[in-house]
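Let me begin by presenting the structure, written as structure tokens, before commenting on it.
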Amino acid sequence: MSNKILEVKNLDFSYKDKKILNNINLDFKKGKFIGITGKNGSGKSTFAKLIAGLERPHSGGVFFESKEITEESIHDIRPYISMVFQNPNNQIIASKVIDDLAFGLENLGLSRPKMIERIYETSRKLGIEHLLNKNPEELSGGQKQIVAIGGILVFNPKIIILDEITSMLDLHSKKKVFDLIKTLKNEHTIIMISHDSKELAHTDRVIIFNKGKVEEDLKPFDLFTNNSLLDKYDLEKPFDYKLFEKFPEQCERLGVCIGNKNR
Amino acid sequence: MVIGRYLEASSFYHKLHPLLKISLFFINTIFAITVNSLNSYLFFSGCVLISIIISGLGLKNYLKAMKPLIIIFIWTLAFQLLFNKEGKLIFEFFFLKFYDKSLISAILVLFRMLILISSGTILTLSTSPTELTHAFEDFFSPLKYFKVPVETISLILSIALRFIPVFFDELERIEIAQKSKGYDIDDLKFFEKFKYYGLLFIPLLLSAVKKSEDIASAMEIKAYGINRKTTRFREYKFEKHDFLMMISYFFIILATLLINQI
Amino acid sequence: MFVLEIKIDKLNFSYNNSQNALENMDLEIKKGEFIGVIGNTGSGKSTLLKHFNAILKSSNGTVNILGRLINDKSKNLKEIRKAVGVVFQFPEEQLFSETVREDILFGPVNFSLEKDEINDSLEKLKKIFNLDDEILNKNSTELSGGEQRRVSIASVMVSNPSILVLDEPTIGLDYKNRCKLLNLLKEINNSGITIILVSHDLHSVWHLLKRVIILEKGKKIFDGDKISLLKNRKNLDTYFLPDYVEKLEELEILEGNEEKALSQEACLSYIQEVFGGDKLD
Numbered sequence: 440m441s442n443k444i445l446e447v448k449n450l451d452f453s454y455k456d457k458k459i460l461n462n463i464n465l466d467f468k469k470g471k472f473i474g475i476t477g478k479n480g481s482g483k484s485t486f487a488k489l490i491a492g493l494e495r496p497h498s499g500g501v502f503f504e505s506k507e508i509t510e511e512s513i514h515d516i517r518p519y520i521s522m523v524f525q526n527p528n529n530q531i532i533a534s535k536v537i538d539d540l541a542f543g544l545e546n547l548g549l550s551r552p553k554m555i556e557r558i559y560e561t562s563r564k565l566g567i568e569h570l571l572n573k574n575p576e577e578l579s580g581g582q583k584q585i586v587a588i589g590g591i592l593v594f595n596p597k598i599i600i601l602d603e604i605t606s607m608l609d610l611h612s613k614k615k616v617f618d619l620i621k622t623l624k625n626e627h628t629i630i631m632i633s634h635d636s637k638e639l640a641h642t643d644r645v646i647i648f649n650k651g652k653v654e655e656d657l658k659p660f661d662l663f664t665n666n667s668l669l670d671k672y673d674l675e676k677p678f679d680y681k682l683f684e685k686f687p688e689q690c691e692r693l694g695v696c697i698g699n700k701n702r
Numbered sequence: 011m012v013i014g015r016y017l018e019a020s021s022f023y024h025k026l027h028p029l030l031k032i033s034l035f036f037i038n039t040i041f042a043i044t045v046n047s048l049n050s051y052l053f054f055s056g057c058v059l060i061s062i063i064i065s066g067l068g069l070k071n072y073l074k075a076m077k078p079l080i081i082i083f084i085w086t087l088a089f090q091l092l093f094n095k096e097g098k099l100i101f102e103f104f105f106l107k108f109y110d111k112s113l114i115s116a117i118l119v120l121f122r123m124l125i126l127i128s129s130g131t132i133l134t135l136s137t138s139p140t141e142l143t144h145a146f147e148d149f150f151s152p153l154k155y156f157k158v159p160v161e162t163i164s165l166i167l168s169i170a171l172r173f174i175p176v177f178f179d180e181l182e183r184i185e186i187a188q189k190s191k192g193y194d195i196d197d198l199k200f201f202e203k204f205k206y207y208g209l210l211f212i213p214l215l216l217s218a219v220k221k222s223e224d225i226a227s228a229m230e231i232k233a234y235g236i237n238r239k240t241t242r243f244r245e246y247k248f249e250k251h252d253f254l255m256m257i258s259y260f261f262i263i264l265a266t267l268l269i270n271q272i
Numbered sequence: 318m319f320v321l322e323i324k325i326d327k328l329n330f331s332y333n334n335s336q337n338a339l340e341n342m343d344l345e346i347k348k349g350e351f352i353g354v355i356g357n358t359g360s361g362k363s364t365l366l367k368h369f370n371a372i373l374k375s376s377n378g379t380v381n382i383l384g385r386l387i388n389d390k391s392k393n394l395k396e397i398r399k400a401v402g403v404v405f406q407f408p409e410e411q412l413f414s415e416t417v418r419e420d421i422l423f424g425p426v427n428f429s430l431e432k433d434e435i436n437d438s439l440e441k442l443k444k445i446f447n448l449d450d451e452i453l454n455k456n457s458t459e460l461s462g463g464e465q466r467r468v469s470i471a472s473v474m475v476s477n478p479s480i481l482v483l484d485e486p487t488i489g490l491d492y493k494n495r496c497k498l499l500n501l502l503k504e505i506n507n508s509g510i511t512i513i514l515v516s517h518d519l520h521s522v523w524h525l526l527k528r529v530i531i532l533e534k535g536k537k538i539f540d541g542d543k544i545s546l547l548k549n550r551k552n553l554d555t556y557f558l559p560d561y562v563e564k565l566e567e568l569e570i571l572e573g574n575e576e577k578a579l580s581q582e583a584c585l586s587y588i589q590e591v592f593g594g595d596k597l598d
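Protein chains in written order, with our numbering: chain A, 440 to 702; chain B, 11 to 272; chain C, 318 to 598.
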């Protein structure tokens, strides 16, 4: 029985004669927390849209649980693969938070009792019960992103794709939102696009895109201890890794958090 | 239609079924156009004002929502007075002549507008954007048999209601940024003011395009359009207060029409 | 030139007669300072920022900008807007000209600056901001996010302000672009221009700041240098401190040695100093 929840085979994608993605081959295992990074223009956002089923590849395919995502099959797959986007301002469509949480379930044709159950379950999980009756414009950027996550969490998706969801937030909100993501990683497969080293350091695996190709696919430990790679891809070295570099023997004493390097 | 913003409160009007409210709004519209006598207008307007007070909606909120429209009232009145020349001359001021019948016509027109705009204001003050969209969808659903895309139109309506205030906020922010660079509308001559808004509209337009792309992606991700059969989270039930409203409204209309005949 | 660039005394301000957005604000800013103003949403920092270039004007208290007294009757504020350049959040969302050059020259044109002065400014900027003629001829939508951000700041700097105010200048930028921007700000400050950074947190700019002002619910609750800020940290909600400073606190070596925590480099050196030669026990 394959543990691969998502497979990408020989994927090509172009936009107006310009090749954005070139022969991408990747497998994603169920339950993992995968980070994707790369400079701007490397193709990672387009890749996210392709695996979320928002675009169709020009050649090759995306397979969810061994079934190809096509124009026809995407209808049935929608609740299982979902995505949260970068801009907190343009994702919440309804005029009240609770109605936005209901939107996706309405589209699926769920019965009203089931909708109510899912909405309250999700809002409890995210701690946003007190926001349910608010107008989205009254929320902070961080709250908006949490509501946006709620809007797709109601599906109970198997795969959650995050496209730089904290990049437009201030540090405090970034932490809040990311802490939430960390609680979700046990129940969902999470594919997170991010530039933020602190976030990438928590993943199980980091994939680096460059000029439409996958150039690196490694563990966060191997990435953040490799100064030339960090330099090449303009990634910041997290402070804990800087400490690790200077005091490899004293990590525990210094409370250095660098994840399990032997995964 | 009036863009009075929704007021979060729990007045009598707030509790009414949205479909009832939108139906009453349309009936008021027809009524405002067909009725002719000053007395019936006075009576009806009086009822409207009283209902605003007893419903708990608040005269203050109502007046606040109506305030921006005073200009329209004044223009309409002026227009009628200046160009409608019926009846006996009652007043002359240089080359401006005011006639008695046109004065009455002007006042009637004013009342028509008042009733229309008041109904619209009461509707938008007491009905949340979500309820309005659902009411709109339900009211026009018979048109679906004529292949009118009612659901799509009501979705567009709900997105507009949701994002129009956002554009006003964005416009304000752009204005502040441009003011900070020395580009202030107060410093411009009359005709230059048009260019001002033209320039400011460019980033707003770009932002609107970006917004619509993002909104479309968010909707697609949430399975929009996949099922023709969607269910509805919000439930609206007809209750005692709705019947009370219907009965009182019926009697008021009856009385108004009777007064109209007199 | 004025030594006291901005002097605010007992400023009170409220929007539409609701709660006070600013209460009894006293503030003095000297030439050449590099100040961080921090606070949460509702702290009044945006309101204060808008008083710096007279977008908001109050008569409840005195606001003195570059020697000129500003109140709600003040007119002809172009000279203030030129001398105090303000860059708001996501400034790249406000560009609208055909070319980058036109976007940059927009301010100077409004301020009726002399052609020579404008050309000189532009030449100087080209070097500091790394703008060649190729970029200047492009439309701003063709630039990358980081480039757009720097162009927006250039479009304010080109009018030669003596004070530069920035609202969340690094938000949305990745590491590389953040570093570039902060180096730029350092250079600008070194050339004598006063810089005021308004933000939710000090994480990325900590090493550049000389003075920190903290606002809470419209009031100023701290105003001093980094060392006294750290010494006072028990009395303040310190969500805004960088993680490397928090680490020193965690290792219990911050107390009494606050002067060693003024930048990431310094923190790292300090930890090395304390733990460097030790063996694991």
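Idealized CB from N, CA, C, for every residue including glycine. What you are looking at is a predicted structure, and each value in this text was computed from that prediction instead of being measured.
| request: Using a threshold of 9 angstroms, state whether the C-beta atoms of I470 (chain C) and F407 (chain C) are closer than that. | output: Start at 1 with the first residue of the third sequence, and residue 470 (chain C) comes out as number 153. Start at 1 with the first residue of the third sequence, and residue 407 (chain C) comes out as number 90. Taking 9 angstroms as the Cβ cut-off, I470 (chain C) and F407 (chain C) do not qualify as a contacting pair.
| Is there a Cβ from chain E that is less than 9 angstroms from the Cβ of D179 (chain B)? | You won't find chain E in this structure, because its protein chains are A, B and C.
| request: Quick one: which residues of the segment 240 to 258 of chain B get their C-beta closer than 8 angstroms to a C-beta of chain A? List them in chain order. | output: T240, T241, R242, F243, R244, E245
| message | By the 7 angstroms beta-carbon criterion, what residues does the segment 603 to 623 of chain A contribute toward chain C? | response | S606, M607, D609, L610, H611
| Contact list for L209 (chain B) against chain C, beta-carbon separation under 8 angstroms | Translated into positions along the second sequence, residue 209 (chain B) becomes position 199. Per Cβ cutoff of 8 angstroms: F413.
| request: Would you kindly report the start and end of the unbroken alpha helix (DSSP H) that includes A371 (chain C)? | output: The residue labelled residue 371 (chain C) in the question sits at position 54 within the third sequence. Careful: A371 (chain C) lies outside any alpha helix (DSSP H) and carries neither H nor E.
| request: For M11 (chain B), I'd like the list of residues in its chain whose CB is within less than 7 angstroms of its CB, leaving aside the five on either flank, ordered along the chain. | output: Residue mapping note: residue 11 (chain B) aligns to position 1 of the second sequence, counting from 1. Any reading at M11 (chain B) needs caution, since the residue's pLDDT is 34, under 50, leaving its predicted position unreliable; the model's value is listed next. Answer for M11 (chain B): G130, listed in chain order.
| message | Relative to the C-alpha of L328 (chain C), which candidate in C:L519, C:K348, C:G361, C:G356 has its C-alpha closest? | response | Looking up residue 328 (chain C) in the third sequence gives position 11. Checking every option, the nearest Cα to that of L328 (chain C) belongs to C:G361.
| field | For M342 (chain C) and Q336 (chain C), the rounded distance between their alpha carbons | value | What you label residue 336 (chain C) is simply residue 19 of the third sequence in a count that begins at 1. What you label residue 342 (chain C) is simply residue 25 of the third sequence in a count that begins at 1. Those two C-alpha atoms are separated by around 15 angstroms.
| request: Use the C-beta contact count for Y587 (chain C): other C-beta atoms within 10 angstroms, 16 or more gives buried, fewer gives exposed. | output: One-based indexing of the third sequence puts residue 587 (chain C) at position 270. Looking at its Cβ environment, which holds 16 or more other Cβ atoms inside 10 Å, Y587 (chain C) is buried.
| So who's on the other strand from S521 (chain A), going by DSSP bridges? | Indexing the first sequence from 1 puts residue 521 (chain A) at position 82. In DSSP, S521 (chain A) forms a bridge with A:I599.
| request: Look up V695 (chain A) in the DSSP assignment and say whether it is helix, strand or coil. | output: In the first sequence, the residue the question calls residue 695 (chain A) occupies position 256. In the structure shown, V695 (chain A) sits in coil (DSSP, three-state: anything other than H, G, I, E or B).
| message | Quick check: what's the CA-CA separation for L597 (chain C) versus L465 (chain A)? | response | The residue labelled residue 597 (chain C) in the question sits at position 280 within the third sequence. The residue labelled residue 465 (chain A) in the question sits at position 26 within the first sequence. Confidence at L597 (chain C) is low in this model, with a pLDDT of 44, below 50, so the placement of that residue is unreliable and no value is reported for it.
| field | Contacts around R702 (chain A), its chain only, beta-carbon distance under 8 angstroms, and the 5 residues preceding and following it disregarded | value | For the purposes of this step, residue 702 (chain A) is identified with residue 263 of the first sequence, where counting begins at 1. No answer about R702 (chain A) holds up, because its pLDDT of 36 lies below 50 and its placement is not dependable.
| task | Could you list the residues in the segment 450 to 470 of chain C with a C-beta less than 8 angstroms from some C-beta on chain B, going in chain order? | result | T458
| field | Amino acids of chain B, ordered along the chain, whose beta-carbon sits closer than 8 angstroms to that of G694 (chain A) | value | Residue numbering aside, residue 694 (chain A) sits at position 255 when the first sequence is read from its first letter. Going along chain B, no residue has its Cβ under 8 angstroms from G694 (chain A), so there is no contact; the nearest lies around 39 angstroms.
| message | Considering only their Cβ atoms, is the gap separating I620 (chain A) from M631 (chain A) smaller than 9 angstroms? | response | Locating residue 631 (chain A) in the first sequence gives position 192, where the first residue counts as 1. Locating residue 620 (chain A) in the first sequence gives position 181, where the first residue counts as 1. Result yes, Cβ atoms of M631 (chain A) and I620 (chain A) sit closer than 9 angstroms.
| If you measure beta-carbon to beta-carbon, which residues of the segment 362 to 382 of chain C are closer than 7 angstroms to chain B? | N370, I372
| query | Counting along the chain, where does the alpha helix (DSSP H) carrying T414 (chain A) start and finish? | reply | Outside the modelled stretch of chain A, which goes from 440 to 702, sits residue 414 (chain A), for which no answer is possible.
| task | Indicate whether G500 (chain A) and I508 (chain A) have their beta-carbon atoms separated by less than 9 angstroms. | result | Position 61 of the first sequence holds residue 500 (chain A). Position 69 of the first sequence holds residue 508 (chain A). Yes, these two residues count as a Cβ contact at 9 angstroms.
| field | Local conformation of I272 (chain B) per DSSP, three classes | value | In the second sequence, counting from the first residue as 1, residue 272 (chain B) sits at position 262. I272 (chain B) falls in the coil class under three-state DSSP.
| request: Give the C-beta separation of L7 (chain B) and I132 (chain B) to the nearest angstrom, bearing in mind that I take them to be a contact with Cβ-Cβ under 8 angstroms. | output: Residue coverage of chain B in this structure runs from 11 to 272, which leaves residue 7 (chain B) outside it and unanswerable.
| query | For R517 (chain A) versus L489 (chain A), is the C-beta spacing smaller than 9 angstroms? | reply | In the first sequence, counting from the first residue as 1, residue 517 (chain A) sits at position 78. In the first sequence, counting from the first residue as 1, residue 489 (chain A) sits at position 50. Their beta carbons are not under 9 angstroms apart, which means R517 (chain A) does not touch L489 (chain A) by this criterion.
| Option nearest S138 (chain B) by Cα separation, candidates B:I32, B:R238, B:F248 | For the purposes of this step, residue 138 (chain B) is identified with residue 128 of the second sequence, where counting begins at 1. S138 (chain B) has its Cα closest to that of B:I32, out of B:I32, B:R238, B:F248.
| field | Test: A187 (chain B) CB closer than 9 angstroms to a CB of chain C | value | Locating residue 187 (chain B) in the second sequence gives position 177, counting from the first residue. Yes, A187 (chain B) lies at the interface with chain C (some Cβ there is under 9 angstroms from its Cβ).
| said: Looking at the secondary structure, which residues open and close the alpha helix (DSSP H) in which K399 (chain C) lies? | reply: The residue you call residue 399 (chain C) lines up with position 82 of the third sequence. Note, K399 (chain C): alpha helix (DSSP H), 395 to 400.
| task | Evaluate W85 (chain B) with the Cβ neighbour count: other Cβ atoms within 10 Å of its Cβ, from every protein chain shown; 16 or more gives buried, anything less gives exposed. | result | As a position in the second sequence, residue 85 (chain B) is number 75, starting the count at 1. Flag for W85 (chain B) reads exposed.
| query | With which residues is D196 (chain B) paired in a DSSP beta bridge? | reply | Looking up residue 196 (chain B) in the second sequence gives position 186. Per DSSP, none; premise fails for D196 (chain B).
| said: For a test of the three-state rule: what should DSSP assign to K527 (chain C), helix, strand or coil? | reply: Taking the first residue of the third sequence as 1, we reach residue 527 (chain C) at position 210. Looking at K527 (chain C) - three-state DSSP - the assignment turns out to be coil, as it is neither helix nor strand.
| query | Is it true that the CB of S331 (chain C) sits closer than 9 angstroms to the CB of L600 (chain C)? | reply | This structure does not reach residue 600 (chain C), given that chain C is present from 318 up to 598, and the question cannot be answered.
| message | Which residue marks the beginning of the alpha helix (DSSP H) containing S438 (chain C), and which one marks its end? | response | Residue 438 (chain C) sits at position 121 when you count from the first residue of the third sequence. Counting along the chain, the alpha helix (DSSP H) containing S438 (chain C) begins and ends at 432 to 445.
| said: Suppose the cutoff is 7 angstroms on Cβ atoms and the five residues either side in sequence are ignored; what does the same chain contact list for A583 (chain C) look like? | reply: Here residue 583 (chain C) corresponds to residue number 266 of the third sequence, with the count starting at 1. Only K577 meet the Cβ criterion.
| said: Considering only DSSP beta bridges, list what D656 (chain A) is partnered with. | reply: Counting from 1 along the first sequence, the entry for residue 656 (chain A) is found at position 217. In DSSP, D656 (chain A) forms a bridge with A:I646.
| field | Reduced DSSP category for K362 (chain C) - H, G, I as helix; E, B as strand; rest coil | value | Residue mapping note: residue 362 (chain C) aligns to position 45 of the third sequence, counting from 1. K362 (chain C) falls in the helix class under three-state DSSP.
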